[in-house]
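Chemist: Numbered per this note's numbering, the sequence shown finishes at 357, counting up by one with no gaps.
We treat Cβ as the ideally placed atom computed from N, Cα and C, and that holds for glycine.
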Amino acid sequence: MSNSFSAQLRLGMVGLDTSHVTAFAKLINDPNHKDHVPGGKVVVAYKGGSKDIESSWNRVEGYTKELREQFGVKIVDTIEELCQQVDAVMLESVDGRPHLEQARPVIKARKPLFIDKPVAGSLRDAIEIYRLAKENNVPVFSSSSYRFYESLVELKNADVGEIRSVISYGPAHLEPHHPDLFWYGVHPTEALFTIMGTGCQTVVRAATPDTDVITGTWSGGRLGTLHALRKGSTPHKVIVFGTKAVVEQKGSGNYAPLIKEVIKFFQTGVAPVSPEETIELFAFMEAADESKRQGGKPVAMKDVLSKHRYAGP
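1) Can you say whether Asp347 is buried or exposed, counting buried as having 16 or more other CB atoms within 10 angstroms of its CB?
2) Using a Cβ-Cβ cutoff of less than 7 Å, which residues in the same chain neighbour Tyr193 once the five nearest sequence positions on both sides are dropped?
3) Who pairs with Pro342 in a beta bridge, going by DSSP?
4) Please list, in chain order, all residues of the same chain as Leu225 whose beta carbon is under 7 Å from its beta carbon, the five residues on each side excluded.
5) Is the stretch 174-182 touching the stretch 146-155 in the sense that three or more CB pairs, one from each, lie closer than 8 Å?
6) What does DSSP give as the partner residue(s) for Leu157 in the beta ladder?
7) For Lys85, I'd like the list of residues in its chain whose CB is within less than 8 Å of its CB, leaving aside the five on either flank, ordered along the chain.
8) In the DSSP assignment, find the unbroken beta strand (DSSP E) run with Val119 in it and report its ends.
9) In the DSSP assignment, find the unbroken alpha helix (DSSP H) run with Phe192 in it and report its ends.
10) Only counting the same chain, and skipping five residues up and downstream in sequence, which positions put a Cβ closer than 8 Å to that of Gly340?
11) My output table needs one value for Tyr90: the three-state DSSP class, helix, strand or coil.
12) With a CB to CB cut of under 7 Å and the five nearest residues on each side skipped, what residues in its chain are close to Lys70?
13) Name the DSSP bridge partner or partners of Leu53?
14) On the criterion of 16 or more Cβ atoms from any shown chain inside 10 Å, does Pro319 qualify as buried, or is it exposed?
15) Contact check, Lys288 vs Gly205 under 8 Å by CB: the rounded distance?
16) For Val284, list the residues DSSP reports as bridge partners.
17) Considering only C-alpha positions, which residue in the set Gly264, Phe285, Leu218 and Ser335 is nearest to Pro253?
18) Compute the distance between the beta-carbons of Leu144 and Thr108, then report whether it is under 7 Å.
19) What is the rounded straight-line gap between the Cα of His231 and the Cα of Lys178?
20) Go ahead and label Ser48 buried or exposed: buried means 16 or more other beta carbons lie within 10 angstroms of its beta carbon, across all protein chains shown.
21) Leu270 by DSSP, collapsed to three states: which one?
22) From Val117 to Gln293, what does the alpha carbon distance come to, in whole angstroms?
23) Would you mind working out which of Glu321, Met345 and Ala355 sits nearest Arg191, comparing C-alpha positions?
24) When the Cα atoms are used, what is the spatial distance from Leu126 to Lys91?
25) Could you tell me the boundaries of the beta strand (DSSP E) in which Thr246 lies?
26) Skipping 5 residues on each side, what residues in its chain have a beta carbon closer than 6 Å to that of Glu305?
27) With a threshold of 6 Å on Cβ separation, who are the neighbours of Ser212 within its own chain once the five nearest residues in sequence on each side are excluded?
28) Figure out for me which residue from Arg148, Gly243, Ser63 and Ile207 has the closest Cα to the Cα of Gly106.
29) Rounded to a whole number of angstroms, what is the C-alpha to C-alpha distance between Leu349 and Ala327?
30) Judging by CA-CA distance, which residue of Pro279, Pro223, Ile207 and Thr312 is the nearest neighbour of Trp262?
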């Protein structure tokens, strides 16, 4: 890891089965891009791909070709080989299930690691990734791009007084190999946690085939509600109800602010999102699944985390 912010970091990408790899490479590698993020260059990549997810296996070759031909990225056969040639790694596999095994050699090589959403395919794997990172003193962070949208940052900075409740709605399409919200519902869930932060105590879920409404009760009696939209129109927005004002998110955003945070993270080794918040965010989504399994009963977050042997930071 470079100590000089002016030095260009050599970056590796693991998992070439998502449009994020080419979108991120354009922002990082193309100095003529209107939203170019300086500080690094994607130089090497490992294909990855999941044979049982069509949106993964049928896109790997196309994105690999684009990275190689448009950006001169070298393709290698193993993650271990990739780690020998880079300063930091972006784990991009669209499937969260292989993230733990793909993260292991990166952590072993002690390379700073950004993990694209979802951080893992299960809460247990997410906890294990952060445990390994802490044990080996390797900086790791994960986030949805939603967290850093300028529109959401503006909302977070708005003077609403004390927050009483927050509503976040957005797309939450399902993928049968992942817990319901992990695949795409992670985006509006991340937006909810961006405003609410940690401290969720109980979660209750009302579920229908097309929509879920998940309400968390936070410390101090604050309520955070997620409206997970699966069909038809699936826009996203956050609304904050404060003691002084009610404020709505204005507009959307793009990937550039996230990539700025990723590059800054690689330069400094300081994660912009704590492991505790990411683990709690995924525990919230797991608790929502548990509430559904129990017919809509409230589920205590501490019980979900205890079941997965997470004792906190």
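Modeler: Let me lay it out:
1) For the purposes of this step, residue 347 is taken as residue 303 along the sequence shown, with counting starting at 1. Exposed, because fewer than 16 other Cβ atoms sit within 10 Å of the Cβ of Asp347.
2) Locating residue 193 in the sequence shown gives position 149, counting from the first residue. Here the set comprises Ser296, Gly297 and Pro301.
3) On the sequence shown, residue 342 is found 298 positions in, with the first residue counted as 1. Partner(s): none; Pro342 has no beta bridge.
4) To locate residue 225, count along the sequence shown from 1; it is residue 181. Closer than 7 Å at Cβ, skipping near neighbours: Ala216, Thr233, Ala272, Met329 and Ala332.
5) At 8 Å Cβ cutoff, the stretches touch.
6) The sequence position of residue 157 within the sequence shown is 113, counting from 1. Per DSSP, Val133 and Val184.
7) As a first step, residue 85 is located in the sequence shown; it is residue number 41 there, counting from the start. Gln52, Leu53, Arg54, Leu55, Ile72 and Asn73.
8) The residue you call residue 119 lines up with position 75 of the sequence shown. Residue identity check: residue 119 is Ile in the sequence provided, not Val. Its beta strand (DSSP E) spans residues Lys118 to Val120.
9) If you number the sequence shown from 1, residue 192 lands on position 148. It is not in any alpha helix (DSSP H) - Phe192 carries neither H nor E in the DSSP assignment.
10) Looking up residue 340 in the sequence shown gives position 296. The residues are Val248, Arg249, Ala250 and Ala251.
11) Translated into positions along the sequence shown, residue 90 becomes position 46. DSSP places Tyr90 in strand when its eight states are reduced to three.
12) Position 26 of the sequence shown holds residue 70. His77, listed in sequence order.
13) Counting from 1 along the sequence shown, the entry for residue 53 is found at position 9. BP columns for Leu53 point to Gly84.
14) For the purposes of this step, residue 319 is taken as the residue at position 275 of the sequence shown. Buried: at least 16 other Cβ atoms inside 10 Å.
15) Your numbering for residue 288 matches position 244 in the sequence shown. Your numbering for residue 205 matches position 161 in the sequence shown. Sure, about 3 Å apart at Cβ, within 8 Å.
16) For the purposes of this step, residue 284 is taken as the residue at position 240 of the sequence shown. Beta-bridge pairing links Val284 to Val210 and Val291.
17) Reading the sequence shown from its first residue, position 209 is the one you call residue 253. Comparing Cα positions, the closest option is Leu218.
18) Within the sequence shown, numbered from 1, the residue matching residue 144 stands at position 100. Within the sequence shown, numbered from 1, the residue matching residue 108 stands at position 64. Result no, Cβ atoms of Leu144 and Thr108 do not sit closer than 7 Å.
19) Against the sequence shown, residue 231 aligns to sequence position 187. Against the sequence shown, residue 178 aligns to sequence position 134. Straight through space, the alpha carbons of Lys178 and His231 are spaced by roughly 25 Å.
20) Here residue 48 is taken as the residue at index 4 of the sequence shown, counted from 1. Because Ser48 carries a pLDDT of 44, less than 50, the predicted location of this residue cannot be relied on, and no value is offered for it.
21) Here residue 270 is taken as the residue at index 226 of the sequence shown, counted from 1. For Leu270, the secondary structure class from DSSP, reduced to helix, strand or coil, is strand.
22) For the purposes of this step, residue 117 is identified with residue 73 of the sequence shown, where counting begins at 1. For the purposes of this step, residue 293 is identified with residue 249 of the sequence shown, where counting begins at 1. Between the alpha carbons of Val117 and Gln293 lies a gap of roughly 37 Å.
23) On the sequence shown, residue 191 is found 147 positions in, with the first residue counted as 1. That would be Glu321, whose Cα lies nearest to the Cα of Arg191.
24) Start at 1 with the first residue of the sequence shown, and residue 126 comes out as number 82. Start at 1 with the first residue of the sequence shown, and residue 91 comes out as number 47. Cα to Cα, the separation comes out at about 11 Å.
25) The count along the sequence shown starts at 1 and reaches residue 246 at position 202. Cys244 to Ala251 is the span of the beta strand (DSSP E), which, as asked, contains Thr246.
26) Counting from one through the sequence shown, the residue named residue 305 turns up at place 261. Excluding positions up to five away in sequence, the list reads Phe192 and Pro316.
27) For the purposes of this step, residue 212 is taken as residue 168 along the sequence shown, with counting starting at 1. So the qualifying residues of the chain are Pro232, Ala235, Leu236, Leu270 and Val282.
28) Locating residue 106 in the sequence shown gives position 62, where the first residue counts as 1. Comparing Cα positions, the closest option is Ser63.
29) Position 305 of the sequence shown, counted from the first residue, corresponds to residue 349. Position 283 of the sequence shown, counted from the first residue, corresponds to residue 327. Here the alpha carbons of Ala327 and Leu349 stand approximately 7 Å from one another.
30) Here residue 262 is taken as the residue at index 218 of the sequence shown, counted from 1. Nearest C-alpha to Trp262: Ile207.
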